[in-house]
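Enquirer: Supplied in structure tokens, the structure appears directly below.
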Amino acid sequence: MRIATWNVNSLKVRLSHVLDWLAANQPDALCLQETKQQDSDFPLAELQQAGYQAVFSGQKTYNGVAILSKSAPAAVQHGIPDFPDEQKRVIAATIGDVRIVCVYVPNGQSVDSDKYQYKLQWLAALQAWLKAELVKHPRLALLGDYNIAPEDRDVYDPQAWAGNVLVSEPERAAFHALEQLGLHDSFRLFEQADKSYSWWDYRMMAFRRNMGLRIDHILLSDALAPHCTACSIDRAPRKLERPSDHTPVMAELALP
DNA sequence: ATGGCTTCATAGTGAAGA
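Residues are numbered in the numbering used here as their position in the first sequence, beginning at 1, plus a constant of 146.
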């Protein structure tokens, strides 16, 4: 089973990139973030023509998440239960016998902003929900844009970023709290090249200079992690014309 | 570099992203 995540920064603008990437990589499930479309505008027909089913939770202008899958999604969940939130940041579905949870974690803007407090509260609610969800679904994968670089090696210039949003200690503690539920950062299960990132700023020629962060992740539960055979970041879509600022992350599972 | 692109919603600029 091949599962992947990609913050597309507008599915409307990036649909051709997504269709090309699906054709080339044939994932069994692809989680999307920042679709920035209301559900009535979701390009379901184009994706179905490409052989994919989809569940989605969108809104105008901001946020928006979706799960594309080759097989039928079951037990679809929108949002975090008992955490009222207008922002469409979570969708979950069972694909095959794997619980796929797609998240777009709040950015936080800056550590002294209200949005940062919202981010930390949101992450606490996510953690509490997943603790229960893992009991119901031991085979669980948490994919998405976490807006957290877990370690300094995930940051191109740790000194410049020290204490900043995306790398601050409370955010990293929230990431480690997810790991403490038995969720494993699939990328770090394998040897990886130094300076591996999943996001690069549009400005400053950041991609060409590899000034990036690794903030998009695939976490696998205790039951899934031993069956993971590979995890990689695909930089190719970031080189296309009018790219998303994020690039896909993909994991392979050899499930018994 | 003091936010230097890109998106969306707008019909001039402004908000938000990370």
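Glycine included, every Cβ here is placed at the ideal spot set by N, Cα and C. It should be emphasised that the depicted structure is a prediction, and the values quoted were computed from it without experimental measurement.
Taking only runs of the alpha helix (DSSP H) that begin and end inside the stretch 301 to 356, which ones reach a length of at least 4 residues, in chain order?
Expert: As far as the stretch 301 to 356 is concerned, its whole alpha helix (DSSP H) runs of at least 4 residues are 304 to 307, 315 to 325.
Enquirer: Consult DSSP for Asn253 and reduce its assignment to one of helix, strand or coil.
Expert: Here residue 253 refers to the residue found at position 107 when the first sequence is read from its first residue. In the structure shown, Asn253 sits in coil (DSSP, three-state: anything other than H, G, I, E or B).
Enquirer: Run through the DSSP bridge pairs and tell me what Thr151 is partnered with.
Expert: For the purposes of this step, residue 151 is taken as the residue at position 5 of the first sequence. Cys177, Val395.
Enquirer: Quick test of your reading: Gln183 and Tyr250, contact by CB under 8 Å. State the CB separation rounded to the nearest angstrom.
Expert: As a working mapping, residue 183 is identified with position 37 in the first sequence. As a working mapping, residue 250 is identified with position 104 in the first sequence. With 8 Å as the limit, Gln183 and Tyr250 do not qualify as a contact, their Cβ atoms being about 13 Å apart.
Enquirer: Would you report the Cα separation of Arg299 and Tyr343, rounded to the nearest angstrom?
Expert: One-based indexing of the first sequence puts residue 299 at position 153. One-based indexing of the first sequence puts residue 343 at position 197. Looking at the two C-alpha atoms, the distance is approximately 9 Å.
Enquirer: Terminal residues of the continuous alpha helix (DSSP H) containing Asp166?
Expert: Against the first sequence, residue 166 aligns to sequence position 20. Run containing Asp166: 157 to 171, per the alpha helix (DSSP H) assignment.
Enquirer: With DSSP run on the structure shown, which of helix, strand or coil describes Gln223?
Expert: Here the question's residue 223 lines up with position 77 in the first sequence. Here Gln223 sits in strand by DSSP.
Enquirer: CB Ala397 to CB Ala150, shorter than 9 Å?
Expert: Position 251 of the first sequence, counted from the start, is the residue given in the question as residue 397. Position 4 of the first sequence, counted from the start, is the residue given in the question as residue 150. Yes, Cβ-Cβ distance for Ala397 and Ala150 is below 9 Å.
Enquirer: Shortest alpha-carbon distance to Ile406 belongs to which of Glu279, Ala200, Ile213?
Expert: Outside the shown range of the chain, which is 147 to 402, sits residue 406, and nothing can be said about it.
Enquirer: Using a 10 Å radius around the Cβ and a threshold of 16 neighbouring Cβ atoms, would you call Tyr348 buried or exposed?
Expert: Numbered from 1 along the first sequence, position 202 holds the residue referred to as residue 348. By the 10 Å Cβ count, Tyr348 comes out exposed.
Enquirer: Just to confirm, are Asn153 and Gly290 a CB contact at a threshold of 9 Å?
Expert: Reading the first sequence from its first residue, position 7 is the one you call residue 153. Reading the first sequence from its first residue, position 144 is the one you call residue 290. Yes, the Cβ-Cβ distance between Asn153 and Gly290 is below 9 Å.
Enquirer: Could you work out which residue in Ile213, Leu335, Ile294, Asn209 is closest to Pro372 when comparing CA atoms only?
Expert: What you label residue 372 is simply residue 226 of the first sequence in a count that begins at 1. Looking at the Cα atoms, Leu335 is the closest of the given residues.
Enquirer: Using the three-state DSSP reduction, which class does Ala196 fall into: helix, strand or coil?
Expert: Position 50 of the first sequence, counting from 1, holds the residue named residue 196. Looking at Ala196 - three-state DSSP - the assignment turns out to be coil, as it is neither helix nor strand.
Enquirer: In three-state terms, what does DSSP make of Arg245?
Expert: Translated into the one-based positions of the first sequence, residue 245 becomes position 99. Arg245 falls in the strand class under three-state DSSP.
Enquirer: Between which two residues does the beta strand (DSSP E) containing Leu386 stretch?
Expert: Translated into the one-based positions of the first sequence, residue 386 becomes position 240. Unbroken run through Leu386: none, as it is neither H nor E.
Enquirer: How many Å lie between Ser378 and Leu176 at the Cα?
Expert: Locating residue 378 in the first sequence gives position 232, where the first residue counts as 1. Locating residue 176 in the first sequence gives position 30, where the first residue counts as 1. C-alpha separation (whole angstroms): 14 Å.
Enquirer: Drop a sphere of 10 angstroms on the beta-carbon of Val317, count the other beta-carbons inside from all chains shown, and report buried for 16 or more, exposed for fewer.
Expert: Reading the first sequence from its first residue, position 171 is the one you call residue 317. Before going further, note that residue 317 is Glu rather than Val in the sequence given. Counting Cβ neighbours within 10 Å, Glu317 comes out buried, since at least 16 surround it.
Enquirer: Starting from the Cα of Leu288, find the closest Cα among His330, Arg384, Leu401, Ala169 and give me that residue.
Expert: Position 142 of the first sequence holds residue 288. Answer by Cα proximity: His330.
Enquirer: What residue does the beta strand (DSSP E) around Ala212 start on, and which one ends it?
Expert: For the purposes of this step, residue 212 is taken as the residue at position 66 of the first sequence. Counting along the chain, the beta strand (DSSP E) containing Ala212 begins and ends at 211 to 215.
Enquirer: Is the stretch 261 to 273 close to the stretch 212 to 225, with three or more CB pairs under 8 Å?
Expert: The stretch 261 to 273 vs the stretch 212 to 225: no contact.
Enquirer: Buried or exposed: which applies to Pro383, given that a residue is buried once 16 or more other Cβ atoms fall within 10 Å of its Cβ?
Expert: The count along the first sequence starts at 1 and reaches residue 383 at position 237. Looking at its Cβ environment, which holds 16 or more other Cβ atoms inside 10 Å, Pro383 is buried.
Enquirer: Thinking C-alpha only, which one of Val159, Lys216, Asp228 is nearest Ala239?
Expert: Here residue 239 is taken as the residue at index 93 of the first sequence, counted from 1. Closest by alpha carbon: Lys216.
Enquirer: When we look at the beta-carbon of Leu401 and count the other beta-carbons within 10 Å, is it buried (16 or more) or exposed?
Expert: Numbered from its first residue, the first sequence carries residue 401 at position 255. Label assigned to Leu401: exposed.
Enquirer: By the 10 Å Cβ neighbour count, where 16 or more other Cβ atoms means buried, how is Pro394 classified, buried or exposed?
Expert: Sequence index remark: in the first sequence, residue 394 carries index 248 (1-based). The residue in question, Pro394, is buried, as its Cβ has 16 or more Cβ neighbours within 10 Å.
Enquirer: Report the CB separation of Ala212 from Phe202 in whole angstroms; it is logged as a contact under 8 Å.
Expert: Taking the first residue of the first sequence as position 1, residue 212 is located at position 66. Taking the first residue of the first sequence as position 1, residue 202 is located at position 56. Ala212 to Phe202, Cβ: 4 Å. Contact.
Enquirer: Would you please state the rounded distance, in angstroms, between the beta carbons of Leu324 and Leu365? I believe it to be under 8 Å.
Expert: Along the first sequence, read from residue 1 onward, the residue named residue 324 stands at position 178. Along the first sequence, read from residue 1 onward, the residue named residue 365 stands at position 219. Sure, about 6 Å apart at Cβ, within 8 Å.
Enquirer: Our contact map puts Leu292 next to Asp362 with C-beta atoms below 8 Å; I'd like the distance itself, whole angstroms only.
Expert: For the purposes of this step, residue 292 is taken as the residue at position 146 of the first sequence. For the purposes of this step, residue 362 is taken as the residue at position 216 of the first sequence. Rather than Leu, the amino acid found at residue 292 in this sequence is Tyr. So it is a contact: roughly 7 Å between Cβ atoms.
Enquirer: When you compare the CB positions of Asp174 and Gly242, do they come within less than 9 Å of one another, or not?
Expert: Position 28 of the first sequence, counting from 1, holds the residue named residue 174. Position 96 of the first sequence, counting from 1, holds the residue named residue 242. Yes, they are a contact pair.
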